Each structure stands twice: as structure tokens, then as C-alpha cells.
Amino acid sequence: MQTYKTDINLINEILKGNQAAFRDLYDRHSKGHMLTCLRYVKNRSEAEDVLQESYIMIFKNLDKYDPSKSQFNTWSNRVVINTCLMNLRKRNVFKDFDNIIDISSKLTVNADAVDNLSLQDLTNFITNLPKGYRTVFNMYVIDGYKHSEIAEYLKISVSTSKTQLMKAKQMLQGMIISNDYSQSISYVLI
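In terms of our numbering, the numbers along the sequence shown are unbroken and rise by one, the last being 715.
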């Protein structure tokens, strides 16, 4: 079995029809991409489906990848995020954005609580946000999208994007303060 040292080598081999190279590329990047999927969809089975759809898109568009513009991981992660968003849009996750009642906006986070927070706890808190809040939070805070880009992708207004981010942060504050994410989600759908 031949070992490929760079993504570019793998991509060139894939474009020549080498299926083993695609498997190597998948093995190299799929764990990180799966974590991205899990940030957008809570259910592992659904995240696996989205990951599979993402890799179909990556494979179909591999000839369009331009290594002079970005690293493969950056490009492929955008494909994964876009696939997650398309999946959420198909399920109309965003139609009820404005129907979620806000929790108290007067919460403040104790610095000690944040210091004692593990990465796993924070990930669990984010995962337990309502889907709309979680999506905007992930896109803005973690993936670095601007509100105008989020609005365009999700077909919502910029002000809705900003409001959803603010509400997500408020919910996260509440979860951190209570430090019991399994019981701290107290939102109500109208």
C-alpha cells in the first residue's frame, strides 16, 4: 500500500481514479468533519448521514478545489458546513426562529464557573441549545461567519441572526451558572 504525504498528492491520485487515495483522504479528515457535523445536528446518526452527503459533495467537486486559494481542510470544512446548513434548511429548522421565548437577559457568568468549565461541558451546553440558536452560534463564534453571511445562508435577516446569537449566549450563561446542562434548558416554543 502506497503512503501519500500530502492532501494534494491524495487529490491528484483521486482525480486519476485511485479509490484507495479517497479512503486515505477520508480517514485523514473525517473525524474533524464529524465533529463539525455534530455541532450542527445533535443526533449522531443524522450527523453521520450529513457527513456522508458531505463527502459525496467533496468527491463530486474535488476537481474544483484550488490549492492556491485554501488548504484542503478549510475548503472541505466549508463543504461540510454548507451540507449541514442545507440539511437543517430541508427540515425547516429556521422557520420558528422568532417563536422561541427568551430566558432572562440579566444573567451574568461567574468567572470561577467559567474557569472550572471543561471543554466537554461547554460542548454539551452548545449541543443542548435549540437548533436555531446552536446553528447561529456555531456559524458566528466557531466558524467565523459574519451576520450578513449567516443571514444569507439561513435566509433570515441580519437582525434575526444577531438576536439568535444574543439569545444563544444568554442560554449558555444560564447553563454555565446552573452547571447542570441536562436540566437548564428552559425554553418554550410558542
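By construction, the Cβ of each residue, glycine as well, lies at the ideal position given by its N, Cα and C atoms.
Computed from a predicted structure; not experimentally measured.
Find the nearest neighbour of residue i within the set the options, judged by alpha-carbon distance.
i: Leu690; options: Gly657, Arg553, Ile702; result: Gly657
i: Met559; options: Ser601, Asn543, Ala545; result: Ser601
i: Cys562; options: Glu677, Ile681, Ile651; result: Ile651
i: Phe606; options: Asn568, Asn653, Glu578, Thr531; result: It is Ile, not Phe, that sits at residue 606 in the sequence shown. The shortest C-alpha separation from Ile606 is found at Glu578.
i: Asn586; options: Asp668, Leu647, Phe547, Asn568; result: Phe547
i: Ser703; options: Leu647, Thr688, Asp668; result: Leu647
i: Thr599; options: Val575, Asn568, His554; result: His554
i: Asn568; options: Thr688, Ile539, Asn653; result: Asn653
In whole angstroms, give me the CA-to-CA distance for residue i and residue j.
i: Cys609; j: Glu674; result: 15 Å
i: Lys615; j: Leu679; result: 11 Å
i: Met582; j: Asp588; result: 11 Å
i: Val661; j: Ser686; result: 7 Å
i: Pro655; j: Asn612; result: 16 Å
i: Ser570; j: Lys556; result: 14 Å
i: Phe622; j: Asn534; result: Note that Phe622 has pLDDT 41, beneath the 50 cutoff, so the model's placement of it is unreliable and the number below is only indicative. Using only the alpha carbons, I get a separation of about 44 Å.
i: Lys541; j: Tyr670; result: 34 Å
i: Gln695; j: Asn649; result: 15 Å
i: Ala545; j: Ile701; result: 45 Å
i: Leu697; j: Tyr580; result: 32 Å
i: Ala572; j: Asp668; result: 17 Å
i: His672; j: Asn543; result: 40 Å
i: Val575; j: Ile681; result: 22 Å
i: Asp549; j: Thr688; result: 42 Å
Taking its Cβ as the centre, do 16 or more other Cβ atoms sit within 10 Å of residue i, making it buried, or is it exposed?
i: Gly699; result: buried
i: Leu594; result: Reading the sequence as shown, one finds Lys at residue 594 and not Leu. Classification for Lys594: exposed.
i: Arg603; result: exposed
i: Arg659; result: buried
i: Asp532; result: buried
i: Asp591; result: exposed
i: Lys692; result: buried
i: Asn635; result: Unreliable positioning characterises Asn635 in this predicted model, as indicated by a pLDDT of 42, which lies under 50. A coordinate reading is not provided.
So, under 8 Å CB-CB, residue i and residue j are touching, yes? Tell me the CB distance rounded to an integer number of Å.
i: Tyr565; j: Asn663; result: 6 Å
i: Phe584; j: Ile536; result: About 11 Å; that fails the 8 Å criterion.
i: Val666; j: Ala676; result: Not really, about 16 Å apart at Cβ, beyond 8 Å.
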